[in-house]
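Everything on this sheet refers to the single structure shown next.
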Ligand code: IFM
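Residue numbers (the numbering used here): 1477 to 1913.
Here you go:
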């Protein structure tokens, strides 16, 4: 493995609803994921995040696992419904106390707390009022950011406003396979604009309370055009605009790209200035590239996504393509030039069907190969001049994978859900050794 610059940030990521459990304690209100997961047929194994990894009660054990890993940073998310059980009003002190304990435990272990404010668990009362389709949710988000930073702003080392607003818009409001389960197709654009407006307003709120850097974590998927007709080219461009540019161009001062579904009527005077509030870091979540070609005649979509041949595949059936990470980082650099802030890869990882062997060990050579390939690809992009300053593995723990429930394991640490026993996998030792070196 090549060398990395001193001070490069190595970390792991998780999110609140996927690991915390304890969904009804200490005044936490319901989120859209509590509602959605409890509806019949939404989650493949019928599970919910009610208990998840019980991290709420086991955070000290999990912090010890982080310390053993030797990472310099831990990216977690804060559950908005713990801080504001109904999405508005004063802070719920008991909810913030939990994050206070977590942050202090991390700092005592020499680990930088990196906090994401929104990883999809919107308070249910806000969804009842229209969710992210409703402009007012953006203002509510800024209030929540203010309350959270008032309590934790002196200790969190990097703030991330939103996680993957593209996925939240597309799966949550576009096709409905994620909470809140709306299927509006291209009428979901208000959920994009209002998330980004919330991001911009939250950046201002955070700046007023903390000197720590501020970021957003977007997910990107480099487009592999399949076919060579003009229609294939147009399809690839449309997909790229939707997935890779819609949530980044306006933040870096370019305004919105010409993306399918974009509705100018939703954008008010002055909004683009709010969206373009400078950020200190761009969080990049990368899993795989996407094959795209022209749609069949009569398709409601301006593109068709097609499987990419020739790659190994994860348990999610996602292609393992480390070269896609290098391509993506170069593309961001090329596309945004000097406007691109330092990048941190805020999620990178893979699901495999890991299980303990007869001795209780969990060997996951595919994950080691996956991470090794992606870290090398990122390093190559850095050598070519892309300003990358951190890399976070998704995820510390096996956890509750949204609509896939407990069926997909992404962790460096295996979790036996009935007993909550944690077993570091061989990838945990591999990553620890990499970080040490
Ligand atoms: O588990 C998710 C995470 O919540 C967001 N990014 C992708 C991960 C794997 O699907």
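All C-beta atoms, glycine included, are put in the ideal place defined by N, C-alpha and C.
Computed from a predicted model, the values in this text were never measured in an experiment.
In the DSSP annotation of this structure, residue 1842 is not part of any beta strand (DSSP E); the continuous alpha helix (DSSP H) holding it starts and ends at 1841-1859. Less than 8 Å separates the beta-carbon of residue 1550 from that of residue 1587. 1728 is the residue among 1878, 1728, 1753 and 1773 whose C-alpha sits nearest the C-alpha of residue 1809.
Looking only at 1601, 1788, 1674 and 1871, the smallest Cα-Cα distance to residue 1611 is reached by 1674. Remark: three or more beta-carbon pairs, one from each stretch, lie closer than 8 Å, so the region 1520-1537 and the region 1498-1505 are flagged as touching.
Ligand 1 approaches residue 1494 closely enough that one of its heavy atoms is under 7 Å from the residue's Cβ. DSSP places residue 1490 outside any alpha helix (DSSP H), giving it a letter other than H or E. Counting along the chain, residue 1587 sits inside no beta strand (DSSP E), nor does DSSP assign it H or E at all. Distance check between residue 1787 and each of 1770, 1781, 1812 and 1846 places 1846 closest, using alpha-carbon atoms only. In the DSSP annotation of this structure, the continuous segment of the alpha helix (DSSP H) that includes residue 1533 starts and ends at 1531-1545. Shown here, residue 1594 sits in a strand according to DSSP, grouped into three states. In this structure, residue 1751 and residue 1676 form a Cβ contact; the two beta carbons are roughly 5 Å apart against a cut-off of 8 Å. Look at residue 1694 here: in three-state DSSP terms it is strand. Taking a C-beta distance under 8 Å as the contact criterion, residue 1804 and residue 1696 qualify as a contact pair. Counting only runs of at least 4 residues, the region 1707-1779 fully encloses the following alpha helix (DSSP H) elements, listed from N- to C-terminal order: 1747-1751.
Burial state of residue 1859 is exposed, judged by a 10 Å Cβ sphere holding fewer than 16 other Cβ atoms. Under the three-state reduction of DSSP, residue 1671 is assigned to helix. Sequence-distant Cβ neighbours of residue 1849 in its own chain, meaning closer than 6 Å and more than five residues away, are 1798.
Taking the Cβ atoms as the reference, residue 1827 lies roughly 4 Å from residue 1884, within the contact range of under 8 Å.
Here the alpha carbons of residue 1713 and residue 1706 stand approximately 11 Å from one another.
Of the other Cβ atoms in all chains shown, 16 or more fall within 10 Å of the Cβ of residue 1874; this residue is therefore buried. Annotation for residue 1526: 1497 and 1499 place their beta carbon closer than 7 Å to its own, counting only its chain and skipping 5 residues before and after. Here residue 1694 really is in contact with residue 1759; their C-beta atoms are around 7 Å apart, less than 8 Å.
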